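Trainee: Chains as they are written, first to last, in our numbering: chain U, 1044 to 1446; chain V, 1044 to 1446.
For each residue, glycine too, the CB sits at the ideal point set by N, CA and C.
Remember, predicted model here, so these are calculated numbers, not experimental data.
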């Protein structure tokens, strides 16, 4: 196999260092890690995908500007405050943050990406942000990746980082990433915060193309709730430190893409598995669609349905709700052509319940992880989508997030 | 005032009788009322609006056929079984039910509407349905309206019926209705089950036009969850028993419409207030939209957002989630132009938090009923939308609906 998992998260790629600090962003008394910095001494080409929400946080607007320019050295991330709905002041705060880091690292401020996650509508506490910045710059190291992944968590219960080494024709390149998720997870263009590094050398247009392809099959295939955040961002930095440049149209490019995809899919799946209040991980496989977009629409319709998600939570094999969600997905499905499986058991075909043992299906739904498969009978396109269940704990976590 | 509330539900309109029976549809041992019949000796013109779900229950297909024909005498409704995803057999069962009623009432089977609500994917127990039909036909009376409203309940906690008398230029006409809701409530064309009667005489094309207009401002403005049912139907019967015919284009037509709208809005609001697990009733008022459709899109985006609904449940004045839902509604809003109020308190304008006292806002959200008002600053169209909160009980009710 030419792609193997390795340790190191965002620092698995050569030439990347990271760090974390506790700055008390949300609450000065809170000592949890809430700032992270990822840095490459070599300038990296960058690509990003961002929320399509019309209400975009200030750091998203900053990153979009920098990504169109295409190069950067560093990414600074804070949790505890989203710096969204903060107007002109929010934009100034982002720029000041970038400037502070740039001065300390002796780079240009337009080479410092900034990401934020947390509460909306509260100005950043800039004194504490600066404290976090200073601590982060001081403690940069290739050993700090796990602390960085911890620092960007909000309601996440586990840090999420993953990396692979990819064997190319002329040597090995690495792809490593971290992500945070938990709530407000329903992507459209990109979702939540994720930073991915690679030591391959790639031109910025190609980097963007490969990231978009990978995001479409990973971060854009997950749902915890149906709420697309104001801050969703995935950023990929390629610093070329491996000495291996990816040439367009080669088999190496495809291999690199597979490695990138593997990192994106791992992070996306683990965001769902760690979704707010999640007790189940459900893979929704749609086959036989006429287009990938329609497959995605149908999958998402099931993935965000409150009634399907509560049935998953209860382990209730109430497949009528799944069929109902397929029916209102907006895709002109013909119910008589739809086949539906829970696990490996066919429960519906030809417009009728199939002949199955309900107890067996209930048994499958007791597992922490299971697959719902619908064949739409309209064509040959397919998609995999991942969702969690809707539990008491989801309600509990979100009924009073801020206290 | 020319429109006054009156007693009598579906039987408030002259010439309508109704009844209810306990047939053990879902469970032979269960003695709750689960069949209802509404009957007019005079043939009525009819109009209906139905789910736009591609997966339509057999009774929906039957009613659509009858509504295009435009006349009927009776509506039979069962709860406990939706007769959805039941194929050819389901269609035969509807026709048999209509035939049974037609024989007993000496009318044509194509004048008997049939509605069903309950579990999906289980064939109707026709022996018990027939028992219910016989009991219903025997006990028809203008006194039975409340029992009919009770018989169509599923997870509803209270029966919902309402009626008004409308003073027209040449006398009084009545409009009365009943509805059931509770879960799988997110309309598009129409929603859940509702039967509305009137003793005004109205041509079927006009009846349809007025019903569509009223449904757009009532049943199509509510959400409990985001799941559009396979069985949603609103049916309006006009038997002319008042002796007063509504002429097209007159002031009487507008007055009648206002009476009809009042009944539809009352029923729709009460479906939300009795939503599964609902502890709050939230009115979402969108003003300043460029089109009514966009106002509806924005309102719905807030109304179905799990994060907004859990914040309503927790009484958490986390208005960032509301703004976020406005941002991903699909309408190209400009955040700087949006003003947002919770109750009468302005919390956001000009892209920034307004100067308000958070405790006052939290106080408002402690009420069982409050208003969220967003002015979009794009035009002059507006809409009122109603939603409930997302509570532990919603999850509890739906995690194991069938046991």
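#1: Residue 1441 of chain V by DSSP, collapsed to three states: which one?
#2: For residue 1407 of chain V and chain U, any beta-carbon pair shorter than 9 Å?
#3: Suppose contacts are defined by Cβ-Cβ distances below 9 Å. Is residue 1201 of chain U in contact with residue 1080 of chain U by that definition?
#4: Cα separation between residue 1236 of chain U and residue 1293 of chain U?
#5: Specify, as a first and last residue, the run of the alpha helix (DSSP H) that residue 1146 of chain U falls within.
#6: Nearest CA to the CA of residue 1139 of chain V: which residue from V:1342, V:1168 and V:1305?
#7: Which residue from V:1421, V:1302 and V:1248 puts its Cα closest to that of residue 1330 of chain V?
#8: Given residue 1187 of chain U, which residues of its chain have a CB within under 8 Å of its CB, disregarding the five upstream and five downstream residues?
#9: According to DSSP, what are the bridge partners of residue 1119 of chain U?
#10: Does residue 1435 of chain V get closer than 9 Å to chain U when you measure Cβ to Cβ?
#11: What does the alpha-carbon distance come out to for the pair residue 1073 of chain U and residue 1343 of chain U?
#12: Suppose you measure from the CA of residue 1058 of chain U to the CA of residue 1192 of chain U; what does that come to, to the nearest Å?
#13: Using CA atoms only, rank isn't needed, just tell me which of U:1084, U:1412, U:1371 and U:1203 is closest to residue 1184 of chain U.
#14: Determine the burial state of residue 1276 of chain V: buried for a count of at least 16 other Cβ atoms within 10 Å of its Cβ, exposed for fewer.
#15: With DSSP as the reference, label residue 1428 of chain V as helix, strand or coil.
#16: Between the Cα of residue 1156 of chain U and those of U:1102, U:1385 and U:1239, spot the shortest distance and give me the residue it belongs to.
#17: If we call anything under 9 Å between Cβ atoms a contact, is residue 1088 of chain V one with residue 1283 of chain V?
#18: Where DSSP assigns a beta bridge to residue 1217 of chain V, which residues make up the other side?
#19: The alpha helix (DSSP H) spanning residue 1242 of chain V covers which residue range?
#20: Taking the C-alpha atoms as reference points, what is the distance between residue 1111 of chain V and residue 1151 of chain V?
#21: Is the stretch 1298 to 1306 of chain V in contact with the stretch 1315 to 1333 of chain V, if contact means three or more CB pairs nearer than 8 Å?
#22: Return the Cβ separation of residue 1341 of chain U and residue 1332 of chain U in integer angstroms, given the expectation that the two are a contact with Cβ distance under 8 Å.
#23: Run through the DSSP bridge pairs and tell me what residue 1416 of chain V is partnered with.
#24: Can you tell me whether residue 1366 of chain U is buried or exposed, with buried defined as 16 or more other CB within 10 angstroms of its CB?
#25: Might you give, ordered along the chain, the residues of its own chain that have their beta carbon closer than 6 Å to the beta carbon of residue 1175 of chain U, omitting 5 neighbours on each side?
#26: Name the DSSP bridge partner or partners of residue 1322 of chain V?
#27: Could you check the C-alpha separation between residue 1254 of chain V and residue 1114 of chain V for me, to the nearest Å?
#28: Between which two residues does the beta strand (DSSP E) harbouring residue 1059 of chain V extend?
#29: Is it buried or exposed, residue 1430 of chain V, if we count other Cβ atoms within 10 angstroms and call 16 or more buried?
#30: Report yes if the C-beta distance between residue 1056 of chain V and residue 1217 of chain V is below 9 Å; otherwise report no.
#31: Of all the options U:1403, U:1439 and U:1392, which has the alpha carbon lying nearest to the alpha carbon of residue 1417 of chain U?
#32: Once DSSP output is grouped into helix, strand and coil, what is the label at residue 1287 of chain V?
#33: Determine the contact status of residue 1127 of chain U and residue 1133 of chain U, defining contact as a CB-CB distance below 9 Å.
#34: Answer yes or no: does any C-beta atom of chain V fall closer than 9 Å to that of residue 1349 of chain U?
#35: Throw me the rounded Cβ distance for the residue 1090 of chain U and residue 1251 of chain U pair, which I believe falls under 8 Å.
#36: Counting along the chain, where does the alpha helix (DSSP H) carrying residue 1304 of chain V start and finish?
Mentor: Taking the coordinates as given:
#1: In the second chain, the residue the question calls residue 1441 of chain V occupies position 398. It is helical.
#2: Start at 1 with the first residue of the second chain, and residue 1407 of chain V comes out as number 364. Any Cβ of chain U closer than 9 Å to the Cβ of residue 1407 of chain V would place that residue at the interface, and such an atom is absent.
#3: Counting from one through the first chain, the residue named residue 1201 of chain U turns up at place 158. Counting from one through the first chain, the residue named residue 1080 of chain U turns up at place 37. Against a cut-off of 9 Å, the Cβ pair of residue 1080 of chain U and residue 1201 of chain U comes out as no contact.
#4: Taking the first residue of the first chain as 1, we reach residue 1236 of chain U at position 193. Taking the first residue of the first chain as 1, we reach residue 1293 of chain U at position 250. Using only the alpha carbons, I get a separation of about 30 Å.
#5: Taking the first chain and counting its residues from 1, the one referred to as residue 1146 of chain U is at position 103. Segment 1130 to 1148, the alpha helix (DSSP H) holding residue 1146 of chain U.
#6: Position 96 of the second chain, counting from 1, holds the residue named residue 1139 of chain V. Among V:1342, V:1168 and V:1305, the Cα nearest to that of residue 1139 of chain V belongs to V:1168.
#7: Position 287 of the second chain, counting from 1, holds the residue named residue 1330 of chain V. The candidate whose alpha carbon is nearest that of residue 1330 of chain V is V:1421.
#8: In the first chain, counting from the first residue as 1, residue 1187 of chain U sits at position 144. Within the same chain, residue 1187 of chain U has close Cβ partners 1054, 1060, 1061, 1062 and 1063.
#9: Start at 1 with the first residue of the first chain, and residue 1119 of chain U comes out as number 76. Answer is U:1080 and U:1157, bridged to residue 1119 of chain U.
#10: Translated into positions along the second chain, residue 1435 of chain V becomes position 392. Residue-level contact by beta carbon holds for residue 1435 of chain V and chain U, with a gap shorter than 9 Å.
#11: One-based indexing of the first chain puts residue 1073 of chain U at position 30. One-based indexing of the first chain puts residue 1343 of chain U at position 300. So the two alpha carbons sit approximately 37 Å from each other.
#12: By one-based count along the first chain, residue 1058 of chain U stands at place 15. By one-based count along the first chain, residue 1192 of chain U stands at place 149. Their backbone Cα atoms lie some 18 Å apart in a straight line.
#13: If you number the first chain from 1, residue 1184 of chain U lands on position 141. Nearest C-alpha to residue 1184 of chain U: U:1084.
#14: In the second chain, the residue the question calls residue 1276 of chain V occupies position 233. Residue 1276 of chain V should be labelled buried.
#15: The residue you call residue 1428 of chain V lines up with position 385 of the second chain. It is a strand residue.
#16: Locating residue 1156 of chain U in the first chain gives position 113, where the first residue counts as 1. For the residues U:1102, U:1385 and U:1239, the minimum Cα distance to residue 1156 of chain U belongs to U:1102.
#17: Numbered from 1 along the second chain, position 45 holds the residue referred to as residue 1088 of chain V. Numbered from 1 along the second chain, position 240 holds the residue referred to as residue 1283 of chain V. Closer than 9 Å, so yes.
#18: Mapped onto the second chain, residue 1217 of chain V falls at position 174. Among the bridge pairs identified by DSSP, residue 1217 of chain V is matched with V:1208.
#19: Your numbering for residue 1242 of chain V matches position 199 in the second chain. Unbroken run through residue 1242 of chain V: none, as it is neither H nor E.
#20: Locating residue 1111 of chain V in the second chain gives position 68, where the first residue counts as 1. Locating residue 1151 of chain V in the second chain gives position 108, where the first residue counts as 1. Straight-line Cα distance between these residues: approximately 16 Å.
#21: no
#22: Start at 1 with the first residue of the first chain, and residue 1341 of chain U comes out as number 298. Start at 1 with the first residue of the first chain, and residue 1332 of chain U comes out as number 289. At roughly 7 Å, the Cβ-Cβ gap stays under 8 Å, so residue 1341 of chain U and residue 1332 of chain U are in contact.
#23: What you label residue 1416 of chain V is simply residue 373 of the second chain in a count that begins at 1. V:1328 and V:1384.
#24: Within the first chain, numbered from 1, the residue matching residue 1366 of chain U stands at position 323. Counting C-beta atoms within 10 angstroms of its own C-beta, residue 1366 of chain U has 16 or more neighbours from the protein chains shown and is therefore classed as buried.
#25: Working through the first chain from its first residue, we reach residue 1175 of chain U at position 132. Result list for residue 1175 of chain U: 1064, 1066 and 1078, in chain order.
#26: On the second chain, position 279 is the one that residue 1322 of chain V refers to. Paired residue(s): none; residue 1322 of chain V is not in a bridge.
#27: Taking the second chain and counting its residues from 1, the one referred to as residue 1254 of chain V is at position 211. Taking the second chain and counting its residues from 1, the one referred to as residue 1114 of chain V is at position 71. Rounded to the nearest angstrom, the two C-alpha atoms are 15 Å apart.
#28: Counted from its first residue, the second chain places residue 1059 of chain V at position 16. Following the DSSP letters along the chain, one finds residue 1059 of chain V inside the beta strand (DSSP E) bounded by residues 1059 to 1064.
#29: Mapped onto the second chain, residue 1430 of chain V falls at position 387. Looking at its Cβ environment, which holds 16 or more other Cβ atoms inside 10 Å, residue 1430 of chain V is buried.
#30: In the second chain, counting from the first residue as 1, residue 1056 of chain V sits at position 13. In the second chain, counting from the first residue as 1, residue 1217 of chain V sits at position 174. Going by C-beta atoms, residue 1056 of chain V is nearer than 9 Å to residue 1217 of chain V.
#31: Here residue 1417 of chain U is taken as the residue at index 374 of the first chain, counted from 1. Cα-wise, what sits closest to residue 1417 of chain U is U:1392.
#32: Taking the first residue of the second chain as 1, we reach residue 1287 of chain V at position 244. In this structure, residue 1287 of chain V counts as coil in the three-state DSSP scheme.
#33: For the purposes of this step, residue 1127 of chain U is taken as residue 84 along the first chain, with counting starting at 1. For the purposes of this step, residue 1133 of chain U is taken as residue 90 along the first chain, with counting starting at 1. In contact: residue 1127 of chain U and residue 1133 of chain U (Cβ atoms closer than 9 Å).
#34: Stepping through the first chain from its first residue, residue 1349 of chain U is reached at position 306. For residue 1349 of chain U, the answer is yes, since a Cβ of chain V falls inside 9 Å of its Cβ.
#35: By 1-based counting over the first chain, the position of residue 1090 of chain U is 47. By 1-based counting over the first chain, the position of residue 1251 of chain U is 208. About 4 Å separates the two Cβ atoms, so the contact holds.
#36: By 1-based counting over the second chain, the position of residue 1304 of chain V is 261. Per DSSP, the unbroken alpha helix (DSSP H) holding residue 1304 of chain V starts and ends at 1294 to 1316.
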